[in-house]
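Novice: Residue numbering for the sequence shown follows this note's numbering, starting at 5 and increasing by one per position. Questions regarding the structure given below will be posed in turn.
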Amino acid sequence: MTGFPSQPDDTVPEAPLSKLDTLVRETGKGAIRGLYRIWAKTYDSMLVAMLGYEAPDFVARALAPHLPEGDLRVLDVGCGTGLTAEALLTHRKAEVDGIDFSPEMLEQARDKAFYGELFRADVTKPLPIPEATYDAAISSGLFTHGHVGAVAIPHILRVLKPGGLFSFSVYWKVWDRGGFSKMLGKLEKTNAIEILHHEQESHFRMLKNQHIHTLVVRKKN
Ligand SMILES: C[S@@+](CC[C@H](N)C(=O)[O-])C[C@H]1O[C@@H](n2cnc3c(N)ncnc32)[C@H](O)[C@@H]1O
């Protein structure tokens, strides 16, 4: 966890999504759904082919060595077009469901045909899924500017089995601002989770000075 500034430096060029905090504050979450409505069909080609987006690979690679043997049910949170599940499936066979609030992104995910169920829901609210359903959850790109803060983490932990794992990325500029350091500190202190992995890495091959925190946590009870 060295070599990266711990606080945002406003002299560094902003990532493409960086103006979203203000937009969402001013106009509400519909702005994000609107963004993905128009972006869904070109999302993969822009992020992966043009910008060299690697966050899905990082969270999948971090999770893989911690996964138990045997059948696995995994929830891809903020699944978008399916890049994160796709990355996970290169490491491990698993039954993967996805959840996202954008119907257009879910439609792209559905076309890839590797998901079991795809749910449309807002992950900042209790999820429409029974408690203790999944062995693991995985998420990349959801915890970023104008998207979702740490408030979603308890909802995600609720649907994990005891001992279940959650691997996720947090864009560095929302680490404090989005409440992640505080929430994770509190969950660790109350013995609700154990942090198994925490790294910071650059997540766009073509964009310098941008990075994410990659974490794997285990639900303890
Ligand atoms: C940057 S994309 C990441 C998609 C995919 N995980 C990836 O890494 O390519 C963020 C996704 O989060 C979804 N999202 C944003 N806010 C959400 C919310 N409150 N509830 C559910 N999904 C949300 C968006 O619709 C979008 O598909």
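All C-beta atoms, glycine included, are put in the ideal place defined by N, C-alpha and C. From a predicted model like this one, the values you see are computed outputs, not experimental measurements.
Within its chain, find whatever has a CB closer than 7 Å to the CB of Q214; leave out the 5 residues flanking it on each side and keep chain order.
Specialist: Within the same chain, Q214 has close Cβ partners A19, S206, H207, F208.
Novice: Assign A89 to one of three DSSP states: helix, strand, or coil.
Specialist: helix
Novice: Of all the beta strand (DSSP E) runs that stay within the bounds of the stretch 146-209, which reach a length of 3 or more residues?
Specialist: 164-175, 197-206
Novice: Determine the burial state of I197: buried for a count of at least 16 other Cβ atoms within 10 Å of its Cβ, exposed for fewer.
Specialist: buried
Novice: So the beta strand (DSSP E) G102 belongs to, where does it begin and stop?
Specialist: 99-104
Novice: DSSP puts Y138 in a beta bridge; with which residues?
Specialist: L164
Novice: Give every residue of the same chain whose Cβ lies closer than 7 Å to the Cβ of A125, excluding the five residues on either side of it in the sequence, and list them in chain order.
Specialist: I103, F105, L131, P132
Novice: Let me know the secondary structure DSSP gives D80 once reduced to three states.
Specialist: strand
Novice: Check I216 in the structure and name its three-state DSSP category.
Specialist: strand
Novice: Can you tell me the Cα-Cα spacing of M5 and A91, whole angstroms?
Specialist: Legend: pLDDT at M5 = 46, less than 50; position of this residue unreliable, no value from coordinates given.
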